[in-house]
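So the sequences go chain by chain: A and B.
Heads up: take any position in the first sequence, counting from 1, add 9, and you land on my numbering.
Heads up: take any position in the second sequence, counting from 1, add 24, and you land on my numbering.
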Amino acid sequence: MQRTRGTYMLILTLTVGLLVFSFVTSAGDLGSFGTTLLSGLFLGALYFLVASGLSIIFGLMDILNFAQGAYFMIGAYVTYSLFHMDALKGIDVNLRFPLGVLAGTIIGGLLGAVLERGLLRPLYARPIFQLVLTFGVAIVFGEALKAIWGTEGYGWSTVTSFGIHQSQFEIFGRQFGSYRLFVVAVGVALIVLIGLLLQRTRIGIIIRAGVEDSEMVEALGINVRAVFTMVFTLGCAVAAFGGAIAAPFLGANLGMGNAFLLPAIAVVVLGGLGSYMGTAIGSFMVGLAVAVIARFASEFLNQTVWASITPMLLLILILLLRPSGLFGKESR
Amino acid sequence: MQSIQTLPRWRRVLQSNWLYLAVLVFLIVFPHLVGWITGDSPFGVGGRPRGQSVFWQSVFIEVFILTILTMSYNLIFGFTGVISFGHALFFGLGGYILGLVLQMTDLGPEIGLVVGGIIGIVICGLLGFLMGLVSLRLRGVYFAIFTLAIAEMFFIYIGRWPLTNAEDGFALNNIPELLNSTRNRLAYYYLALMLVVLTFLFIRRLINSPTGKVLLAIRENENRAQAIGYNTLTFKLVAITLAGMMAAGAGMLHVILNKKVGPETLGLTYTVDPLLMTIIGGVGTHAGPIIGTAGLHLSERVFNREFVIGSTTINIGQNWSLILGIVFIVVVLVFPQGVVGTWVRWRRRRRAARAPTESGRSG
Numbered sequence: 010m011q012r013t014r015g016t017y018m019l020i021l022t023l024t025v026g027l028l029v030f031s032f033v034t035s036a037g038d039l040g041s042f043g044t045t046l047l048s049g050l051f052l053g054a055l056y057f058l059v060a061s062g063l064s065i066i067f068g069l070m071d072i073l074n075f076a077q078g079a080y081f082m083i084g085a086y087v088t089y090s091l092f093h094m095d096a097l098k099g100i101d102v103n104l105r106f107p108l109g110v111l112a113g114t115i116i117g118g119l120l121g122a123v124l125e126r127g128l129l130r131p132l133y134a135r136p137i138f139q140l141v142l143t144f145g146v147a148i149v150f151g152e153a154l155k156a157i158w159g160t161e162g163y164g165w166s167t168v169t170s171f172g173i174h175q176s177q178f179e180i181f182g183r184q185f186g187s188y189r190l191f192v193v194a195v196g197v198a199l200i201v202l203i204g205l206l207l208q209r210t211r212i213g214i215i216i217r218a219g220v221e222d223s224e225m226v227e228a229l230g231i232n233v234r235a236v237f238t239m240v241f242t243l244g245c246a247v248a249a250f251g252g253a254i255a256a257p258f259l260g261a262n263l264g265m266g267n268a269f270l271l272p273a274i275a276v277v278v279l280g281g282l283g284s285y286m287g288t289a290i291g292s293f294m295v296g297l298a299v300a301v302i303a304r305f306a307s308e309f310l311n312q313t314v315w316a317s318i319t320p321m322l323l324l325i326l327i328l329l330l331r332p333s334g335l336f337g338k339e340s341r
Numbered sequence: 025m026q027s028i029q030t031l032p033r034w035r036r037v038l039q040s041n042w043l044y045l046a047v048l049v050f051l052i053v054f055p056h057l058v059g060w061i062t063g064d065s066p067f068g069v070g071g072r073p074r075g076q077s078v079f080w081q082s083v084f085i086e087v088f089i090l091t092i093l094t095m096s097y098n099l100i101f102g103f104t105g106v107i108s109f110g111h112a113l114f115f116g117l118g119g120y121i122l123g124l125v126l127q128m129t130d131l132g133p134e135i136g137l138v139v140g141g142i143i144g145i146v147i148c149g150l151l152g153f154l155m156g157l158v159s160l161r162l163r164g165v166y167f168a169i170f171t172l173a174i175a176e177m178f179f180i181y182i183g184r185w186p187l188t189n190a191e192d193g194f195a196l197n198n199i200p201e202l203l204n205s206t207r208n209r210l211a212y213y214y215l216a217l218m219l220v221v222l223t224f225l226f227i228r229r230l231i232n233s234p235t236g237k238v239l240l241a242i243r244e245n246e247n248r249a250q251a252i253g254y255n256t257l258t259f260k261l262v263a264i265t266l267a268g269m270m271a272a273g274a275g276m277l278h279v280i281l282n283k284k285v286g287p288e289t290l291g292l293t294y295t296v297d298p299l300l301m302t303i304i305g306g307v308g309t310h311a312g313p314i315i316g317t318a319g320l321h322l323s324e325r326v327f328n329r330e331f332v333i334g335s336t337t338i339n340i341g342q343n344w345s346l347i348l349g350i351v352f353i354v355v356v357l358v359f360p361q362g363v364v365g366t367w368v369r370w371r372r373r374r375r376a377a378r379a380p381t382e383s384g385r386s387g
């Protein structure tokens, strides 16, 4: 209990520290502070979508899925191309985007199932090869996307369903795109949804028990392998969903995979490998940290590169200072 | 047949290494052989680096450099069982440090090469040591994460570093005349070949030493090695430090050959390539990295052009990485021992199947 309270104090201190730092450095300009805050939450929501699968898969099956970033990318590419496909232009805009997101999510989930059943299952006896294999799969997916869609990235055209993409709202006398707010809301909704799934349903109880000790669960007569496949499929589908809803804002390009994989890994390590709560909190902390540091570096140091390397710096700091993460059981 | 133990030492060495020696002899005469067959001098045509022999020399120099890189990767991945996703860091950083010392200081080419080489190798060794110190105490996956993060960080940062011309990199023109790969390509060929041989012998000596036995024990079962009383962290640190130094050396050879230092040497390609080549060649074998590197690099050369089958044109070169990735996945699933490991196993099985009949015939 003492440990948990200490952890919450630490989270609170770090978050407040980041916000105060951002507030002070924006020199009373509330609009600029608001922008930083919003982009931090936006990134946090997307990091969560990639990291949640990563974390649960790791906790349950001891696989760190290096291909998770590639699933994010697949979701973005599929949604982008379905939304902009000429053959589908006849479908109403308000329907086309949700359909694209659905298709992206389903394809991501199917590819996840294929990866687990076809490629990872034969290798449970050799964990080091599993790690290598997911890394190889990430490369193959990246190269396949390159072969299909080319090396040039795509930017989303301005039209999106229900006008969310264009609409703006105003706080502190500055205009904000409401799409970011939409993504944050979706992220929070999924945190709650997956949390409920884990806490309230039978399958969720099995998953949580499996994270504690999967052999014991198997001994109780539950088909753990089937649960593995399901969790892997869902994890990949959620990552693809993240890419799909990010596509109207970020477009689709080949750099996305690594740009979201490494922060997501940082999130998982910060939260504590396998801890759902840690992942949810860690996502927003890393998102905020990236946004705050990026803004500070580009405004005061004139060094935009810091935005890209902040996740890695955070990861290094976490591993140095607290390798077990916020809610981790143990690190060895 | 005489028992191998009773033979004199030199015959024993010869008998167990004849294949390696044959390959070495072939590689030594190779430039002259190509020159003799095609009529192009191995020293270039008309004082310029032209002709088939010179072309194949440069292809093989690249193979040699990648072989050193792959052998260094095999030392940690194959022999120690530690997985790193950031080996390009050492390769690229070694090249960058040497390039910076040569171009940005007034030491002159010869002294600059020695100073830059030593500084680069020491820094890369130190970096490997520090990275291992931080993350090797933790579970294996942390080291993979940590190396990937640091390598990616350096790749992004150096790719936008104004001092080294960001993503363009900078040219290297301050190199000693003897190592100038345009004029003295043949000399460079033999230098690279010599370094491959030295790296090979060093790693083989290391693995056959007591230290190497501990490394193999760590790969097989780290808990047990610890239980016997070895401080496994120390041994893993030795392996990663040495591997970092060797990879830095390979990176230096690479930048001297291309006379250019660029951020692509830090990119994921130079992490993925040694990983693929080690696994395809044979993890934890001495010949594996050589076969894997030569096989993959030479086949890339062969296939990197357009093929016309019927009326369709297929450009394999464009999708080479995709094909390589698929081959890699198949190898991991079906032949996890790689070419060498599978061959050794097949030969052992065949011998075991033949042995009873042979003893029956003679007895």
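For glycine and all other residues, C-beta sits at the position ideal for the given N, C-alpha and C.
Just so it is clear, the structure is predicted and the values come from calculations on it, not from any experiment.
Any C-beta of chain B under 8 Å from that of residue i
i: VAL299 (chain A); result: no
i: LEU324 (chain A); result: yes
i: SER340 (chain A); result: Its pLDDT being 41, under 50, SER340 (chain A) is placed unreliably by the model, and nothing is read from it.
i: ALA153 (chain A); result: yes
i: LEU328 (chain A); result: yes
i: MET70 (chain A); result: no
i: GLU156 (chain A); result: First, the amino acid is wrong: residue 156 (chain A) is Ala here, not Glu. Interface residue, yes.
i: ILE148 (chain A); result: yes
i: ASN267 (chain A); result: yes
Within 8 Å, strictly: CB atoms of residue i and residue j
i: LYS260 (chain B); j: LEU196 (chain B); result: no
i: GLN107 (chain B); j: ILE137 (chain A); result: Looking at the sequence shown, residue 107 (chain B) is not Gln but Ile. Yes, these two residues count as a Cβ contact at 8 Å.
i: CYS245 (chain A); j: GLY113 (chain A); result: no
i: ILE304 (chain B); j: VAL355 (chain B); result: yes
i: ALA271 (chain B); j: HIS56 (chain B); result: no
i: GLY251 (chain A); j: VAL59 (chain A); result: yes
i: HIS278 (chain B); j: GLY119 (chain B); result: yes
i: ILE327 (chain A); j: ALA275 (chain A); result: yes
i: ILE52 (chain B); j: ALA274 (chain B); result: no
i: GLY236 (chain B); j: GLY306 (chain B); result: no
i: ILE231 (chain B); j: MET95 (chain B); result: no
i: PHE175 (chain B); j: ARG184 (chain B); result: Looking at the sequence shown, residue 175 (chain B) is not Phe but Ala. No, the pair does not count as a contact, with Cβ atoms beyond the cut-off.
i: LEU63 (chain A); j: VAL195 (chain A); result: no
i: GLU246 (chain B); j: THR258 (chain B); result: no
Any chain A beta carbon closer than 8 Å to residue i
i: GLY105 (chain B); result: yes
i: SER386 (chain B); result: Residue confidence for SER386 (chain B) is low, a pLDDT of 45 falling below 50, so the modelled location carries little weight; the figure read from the coordinates is stated next. It does not: the Cβ of SER386 (chain B) has no partner Cβ on chain A nearer than 8 Å.
i: GLY349 (chain B); result: yes
i: SER345 (chain B); result: yes
Option nearest residue i by Cα separation, candidates the options
i: SER90 (chain A); options: A:GLN77, A:LEU108, A:ASP101; result: A:LEU108
i: LEU202 (chain B); options: B:ILE252, B:THR265, B:GLU134; result: B:GLU134
i: ASP266 (chain B); options: B:GLY164, B:ILE303, B:THR104; result: Note on residue identity: the sequence assigns Leu, not Asp, to residue 266 (chain B). Of the listed residues, the one whose Cα sits closest to LEU266 (chain B) is B:THR104.
i: THR206 (chain B); options: B:GLY75, B:VAL49, B:ARG378; result: B:GLY75
i: VAL192 (chain A); options: A:ALA316, A:THR313, A:ALA134, A:LEU259; result: A:LEU259
i: ILE100 (chain B); options: B:GLU324, B:THR302, B:VAL326; result: B:THR302
i: TRP165 (chain A); options: A:MET70, A:THR88, A:VAL314, A:LEU329; result: A:THR88
i: SER41 (chain A); options: A:ALA303, A:ARG14, A:VAL226, A:ALA79; result: A:ALA303
i: GLY59 (chain B); options: B:GLN81, B:PHE153, B:VAL49, B:ALA377; result: B:GLN81
i: THR47 (chain A); options: A:ARG189, A:ARG209, A:GLY68, A:ALA316; result: Rather than Thr, the amino acid found at residue 47 (chain A) in this sequence is Leu. That would be A:ARG189, whose Cα lies nearest to the Cα of LEU47 (chain A).
Cutoff 8 Å; reference residue i; Cβ partners in own chain excluding five residues on either side
i: ALA289 (chain A); result: PHE57, SER61, ILE200, GLY204, GLY280
i: LEU335 (chain A); result: THR16, LEU19, ILE20, LEU279, GLY280, GLY281, SER284, GLY287, ILE290, GLY291
i: GLY159 (chain A); result: none
i: LEU263 (chain A); result: MET82, GLY151, LEU154, LYS155, THR160, GLY162
Supposed close pair residue i, residue j - CB separation, criterion 8 Å
i: PRO320 (chain A); j: PRO272 (chain A); result: 4 Å
i: MET286 (chain A); j: LEU23 (chain A); result: That pair is no contact at about 16 Å.
i: GLY136 (chain B); j: VAL125 (chain B); result: 5 Å
i: LEU52 (chain A); j: GLY296 (chain A); result: 4 Å
i: PRO234 (chain B); j: LEU93 (chain B); result: With 8 Å as the limit, PRO234 (chain B) and LEU93 (chain B) do not qualify as a contact, their Cβ atoms being about 27 Å apart.
i: LEU73 (chain A); j: VAL165 (chain B); result: 5 Å
Cut-off 7 Å between Cβ atoms - residues of its own chain near residue i, not counting five sequence neighbours on either side
i: THR97 (chain A); result: Contrary to the premise, residue 97 (chain A) reads as Leu rather than Thr in this sequence. So the list reads LEU91, ARG105, once near-sequence residues are dropped.
i: VAL301 (chain A); result: LEU27, PHE30, SER31, THR45, GLY49
i: ILE254 (chain A); result: VAL110, VAL192, VAL195
Contacts of residue i in chain E (Cβ-Cβ under 7 Å)
i: GLY145 (chain A); result: Going by chain labels, chain E is absent from the structure shown, which instead holds the protein chains A and B.
Cβ shell of residue i (< 6 Å), same chain only, five flanking positions each side left out
i: ALA318 (chain B); result: VAL87
i: LYS242 (chain A); result: Checking the sequence shown, residue 242 (chain A) turns out to be Thr, not Lys. GLY118, GLY121, ALA122, listed in sequence order.
i: ILE325 (chain A); result: none
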